[in-house]
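What follows is one structure encoded as C-alpha cells, with my remarks underneath.
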Amino acid sequence: MHAEEREKLILEAMQPTGFVSYRDLEASLAASPATIRRDLTRLEERGDILRVRGGAKLAEAASTEKGPPSRLAGTPFAQSLSQNLAQKQAIGRMAASLCQPGEGIMVDGGTTTLQMCPHLAGMNLQVLTNSLHLVDALLPQEGTRILLPSGTVFREQNIILAPAGEDSMPQFHAPKLFMGAASVGPPGVMQQDVILVAAERRLIDRAEEVILLIDSSKFRQSSGAIVCALDEIDVLITDHGIDDASRKMVGLAGIRLLIAE
1 MHAEEREKLI LEAMQPTGFV SYRDLEASLA ASPATIRRDL TRLEERGDIL
51 RVRGGAKLAE AASTEKGPPS RLAGTPFAQS LSQNLAQKQA IGRMAASLCQ
101 PGEGIMVDGG TTTLQMCPHL AGMNLQVLTN SLHLVDALLP QEGTRILLPS
151 GTVFREQNII LAPAGEDSMP QFHAPKLFMG AASVGPPGVM QQDVILVAAE
201 RRLIDRAEEV ILLIDSSKFR QSSGAIVCAL DEIDVLITDH GIDDASRKMV
251 GLAGIRLLIA E
C-alpha cells in the first residue's frame with residue numbers, strides 16, 4: 001500500500017470521532033509501527049492532524065465547525081443515577097482516596113464520578129469539570145475551587161460540551177483525570193455519543209494519569225464510539241462483580257485494577 005493510500009485511510013478513520021488510536025491503525029493498516037509513525041508525522045507537518053497521547057486527532061481546521069446536536073444519545077442522567085448506586089458510591093469513595101490535598105484534578109461528568117464529591121470536602125482541591133451536577137455537589141464545600149469549560153449545556157446529562165475542534169478548556173494543569181464510560185471491552189473505552197468522545201479526548205490529552213470509574217455491569221456492554229484504547233488507562237476502579245475474563249483483559253492492558261468494597 002502506498003503512503004498516499006495509508007494517509008487517506010488514516011484520515012477516514014478519524015472522521016467519526018475526530019480521533020484514532022495507534023492500536024486501531026496498526027490493526028487496520030498493512031504497515032509497521034515505524035511506517036505509521038512516519039505517515040502521522042507527514043500528516044501533522046501538513047496541518048491535517050495533531051498527534052496526541054495514544055494516537056492522533058484531526059486538527060481544528062479539519063474538524064467540523066457545526067454546532068453540537070440538541071440531545072445526547074444514551075441513558076438520561078436521572079435514570080442512570082439509580083442504577084447500581086451502592087457500587088457507584090463505593091467506587092466514588094475509593095476514587096476520592098486517590099486525591100492529594102491541595103492538588104488540581106479533572107472530573108468528567110457522570111453518575112459514578114459524581115459519587116466522589118462528598119469525599120472531597122476539606123481537601124482544598126481545584127476541580128475542573130464539565131458537569132453541572134458535580135458543580136452543585138461541590139459548591140457547598142468551602143475551599144474547593146471549581147473551573148468550568150465553555151460550551152452548550154445538554155439538559156439530559158446536565159453537562160457542558162463544546163463543538164468538535166473547539167478548545168473550550170481553561171488553561172489548567174491537573175495530573176489526574178477521573179472519568180466514566182458507557183462500556184469497556186477489548187476495543188477500548190466507549191461512550192454512546194461521539195460528542196462525549198470528543199470532550200473526553202480533550203481531557204485525556206491534558207492528563208498525566210487517567211483513572212476510569214465504572215461499575216462491573218459496564219464490562220457486559222460492548223458497543224459505542226471508542227474514546228481511547230485500554231492501554232491509555234492507568235487505573236481502573238470497579239466493584240467485586242467484575243468477572244474473570246474482564247480481570248484478565250484489564251491486566252493484559254497493564255492497568256492497575258482497584259476493587260471497591
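Everything in the sequence shown is counted per UniProt numbering, starting at 1 for the first residue and increasing by one. Note that beta-carbon positions come from the ideal geometry of N, C-alpha and C, so glycine has one too. As the structure is a prediction and not an experimental result, all values here were calculated from the model.
Given a length threshold of 3 residues, each whole run of the beta strand (DSSP E) inside the segment 130-170 is given here in chain order: 145-147, 152-154 and 159-161. Under the rule that a run must span 4 or more residues, the alpha helix (DSSP H) segments found entirely inside the segment 167-224 read 194-206. Looking at 114, 100, 102 and 109, the one whose alpha-carbon comes closest to that of residue 91 is 114.
When the beta-carbon positions are compared, residue 259 and residue 238 come within less than 8 angstroms of each other. Looking from the CA of residue 205, the closest CA among 56, 93 and 221 belongs to 56. Straight across, the Cα-Cα distance linking residue 226 with residue 17 is about 8 angstroms. Here residue 201 has 17, 18, 19, 52, 57, 227 and 228 as same chain residues with Cβ atoms under 8 angstroms from its own Cβ, once five neighbours each way along the sequence are excluded.
Among the bridge pairs identified by DSSP, residue 57 is matched with 19 and 50.
In this structure, the straight-line span from the alpha carbon of residue 88 to that of residue 109 is close to 14 angstroms.
Here residue 240 has 259 as same chain residues with Cβ atoms under 6 angstroms from its own Cβ, once five neighbours each way along the sequence are excluded. Residue range 33-45 is occupied by the alpha helix (DSSP H) that includes residue 39.
If you look at residue 95, you'll find it in the alpha helix (DSSP H) that goes 85-96. Residue nearest to residue 184 within the set 138, 203 and 249 is 249 (criterion: CA-CA distance). The C-beta distance from residue 212 to residue 236 rounds to 5 angstroms, short enough to fall under 8 angstroms. The alpha-carbon separation between residue 149 and residue 162 amounts to approximately 8 angstroms. The beta carbon of residue 172 sits closer than 7 angstroms to those of 104, 128 and 147, all from its chain and outside the five residues before and after it, given in chain order. Nearest Cα to residue 83 within the set 38, 54 and 215: 215.
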